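*Asks:* Residue numbers (the working numbering): 3 to 187.
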Amino acid sequence: MSSQPSTPPPRVALGTGLAALPADADRVVLTLDVHDAEPERLTLCVRDLKQLSASPAQIERFTGSVYFAFRGLERDPRQVHTIPECREVLRGLHGRWPYWMHFLAPEPDLWTVLLLCLLPLGPGVRLPSGRIGHELDRKALKNLVLDLTSAMHELHDQHRVALAARQRIFKNAMQAIERATGARI
């Protein structure tokens with residue numbers, strides 16, 4: 003049995019409209035810019051995200067299949083969650099479109115970046131790898147997960163997502179969050 007390599011998901015610059023997204027794409031990498039936190043750019047980015055959650059067909063199509071990446075950080079040695087502009091962009095998006103639990107791919111590294119950007123950063127500790135680790139405020143994490151869950155339920159209610167699909171989506175997201183945080187929530 004031969005397996006064909008999977009096609010990488012298309013990359014779309016958030017805030018430029020999703021017209022460039024191929025009609026048959028079922029995964030997407032949304033590229034962000036550190037300047038997307040500026041009010042007018044943030045509005046354009048949120049407009050694009052709202053297209054993903056606009057209809058039952060769209061939310062089914064992109065369940066657990068949205069990735070994000072920041073452009074222009076290739077030479078920046080800092081971790082994404084420690085860059086104030088990246089934190090500001092993700093917090094701004096989350097404040098106006100909190101449906102990550104439904105859409106974000108269940109990749110622990112992706113969830114780590116999102117959670118660390120949305121949570122207050124505790125004191126940093128240098129890890130053996132040379133990276134800086136941050137202790138998570140468990141109460142803040144629990145509250146964030148409750149907010150994410152509530153937003154996901156609202157989305158599912160609005161679009162009448164079937165119970166079995168709701169349970170699967172929640173389970174996949176929680177497993178990724180627990181792997182990302184190293185804790186059972």
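Glycine is no exception: its CB is placed at the ideal position from the N, C-alpha and C atoms. Model, not experiment: these values are computed from the prediction.
Check whether the segment 52-61 touches the segment 72-92, taking contact to mean three or more Cβ pairs, one atom from each stretch, closer than 8 angstroms.
*Replies:* no
*Asks:* What distance in whole Å lies between the Cβ atoms of residue 15 and residue 90, which are believed to be in contact at a cut-off of 8 angstroms?
*Replies:* Not quite, the Cβ-Cβ distance comes to about 18 angstroms (not below 8 angstroms), so this is no contact.
*Asks:* Residue 71 lies in the beta strand (DSSP E); which residues open and close that run?
*Replies:* 68-72
*Asks:* Using a threshold of 9 angstroms, state whether the C-beta atoms of residue 107 and residue 121 are closer than that.
*Replies:* The criterion of a C-beta distance shorter than 9 angstroms is not satisfied by residue 107 and residue 121.
*Asks:* Tell me whether residue 20 sits in a helix, a strand or coil according to DSSP, three-state version.
*Replies:* coil
*Asks:* Helix, strand or coil for residue 13, going by three-state DSSP, please let me know.
*Replies:* strand
*Asks:* Quick one: give me the first and last residue of the alpha helix (DSSP H) that residue 30 is part of.
*Replies:* Segment 30-34 is the beta strand (DSSP E) holding residue 30; no alpha helix (DSSP H) there.
*Asks:* By DSSP, does residue 97 sit in helix, in strand, or in coil?
*Replies:* helix
*Asks:* Give the secondary structure of residue 106 by DSSP, where H, G and I count as helix, E and B as strand, and everything else as coil.
*Replies:* strand
*Asks:* Distance, Cα to Cα, residue 162 vs residue 97?
*Replies:* 23 angstroms
*Asks:* May I have the straight-line CA-CA distance separating residue 159 from residue 67, to the nearest angstrom?
*Replies:* 20 angstroms
*Asks:* When the distance is taken between beta carbons, is residue 61 closer than 9 angstroms to residue 157?
*Replies:* yes
*Asks:* Rank 35, 153 and 63 by C-alpha distance to the C-alpha of residue 75 and give the top, closest one.
*Replies:* 35
*Asks:* To the nearest angstrom, how far is the alpha carbon of residue 171 from that of residue 53?
*Replies:* 19 angstroms
*Asks:* In whole angstroms, what separates the C-alpha of residue 174 from that of residue 104?
*Replies:* One C-alpha to the other measures close to 9 angstroms.
*Asks:* For residue 64, I'd like the list of residues in its chain whose CB is within less than 6 angstroms of its CB, leaving aside the five on either flank, ordered along the chain.
*Replies:* The answer, listed in chain order, is 54 and 105.
*Asks:* Among residues of its own chain, excluding the 5 on either side of residue 17, which ones have a beta-carbon nearer than 7 angstroms to its beta-carbon?
*Replies:* 38, 43, 46, 47 and 50
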